[in-house]
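Residue numbers (the working numbering): 26 to 183.
Data block below; observations after.
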């Protein structure tokens, strides 16, 4: 029974501990520090999976020169619907938000059966709340549907 329990724990934690590599280069700072380099010392870092998730992973997107850090953060969800007209409604609301707040990043996504419009990439709940209050003031008719959600966000590296 003990071996089954240990096997189950190892099976659950393996995806969290797997390294994300792109062309042989480690993208997580933890992976980069532990990478074996000839002529240099060895570093072994021991920490919980929760800390590894907080650190995030570095991503480079092909369409831009900007590098991003993928971390768990917050977004403001402005719309969610599963009607026939939900797709058009999400894109219409996105366009209206972009007209007033052109610097806000918006995401229209479909996760069956819902179309969702989410706004922003925020590290803290307070930042997302501040953005939500600005959106509520600008669009009072949307305020009833708005709330803050946890999501994978892209934080630009400067």
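The beta-carbon is built from N, C-alpha and C at its ideal position, and this holds for glycine as well.
Taking only the alpha-carbon atoms, compute the straight-line gap between residue i and residue j and give it to the nearest angstrom.
i           : j           : result
residue 174 : residue 157 : 11 Å
residue 65  : residue 57  : 13 Å
residue 130 : residue 75  : 27 Å
residue 107 : residue 63  : 55 Å
residue 69  : residue 115 : 47 Å
residue 159 : residue 111 : 23 Å
residue 60  : residue 67  : 8 Å
residue 168 : residue 71  : 44 Å
residue 152 : residue 137 : 28 Å
residue 3   : residue 135 : The chain is shown only over 26 to 183; residue 3 falls outside these bounds and no answer can be derived.
residue 19  : residue 133 : Because residue 19 is not part of the residues shown, which for the chain are 26 to 183, the question remains open.
residue 120 : residue 161 : 16 Å
residue 163 : residue 73  : 42 Å
residue 182 : residue 113 : 33 Å
residue 128 : residue 178 : 16 Å
From the DSSP output, read off the bridge partner residues of residue i.
i           : result
residue 134 : 141
residue 103 : Paired residue(s): none; residue 103 is not in a bridge.
residue 174 : 100
residue 147 : 99
Residue j and residue i - do their beta-carbons sit closer together than 8 Å?
i           : j           : result
residue 94  : residue 118 : no
residue 144 : residue 96  : no
residue 139 : residue 105 : yes
residue 91  : residue 146 : no
Please return the same chain residues whose Cβ sits closer than 8 Å to the Cβ of residue i, not counting the five positions on each side in sequence.
i           : result
residue 150 : 99, 173
residue 176 : 97, 98, 99, 100, 143
residue 170 : 102, 103, 104, 105
residue 148 : 96, 98, 99, 178, 180
For residue i, collect the residues of the same chain with a Cβ closer than 7 Å to its Cβ; drop the 5 residues on either side in sequence, then sort them by chain order.
i           : result
residue 123 : 131
residue 109 : none
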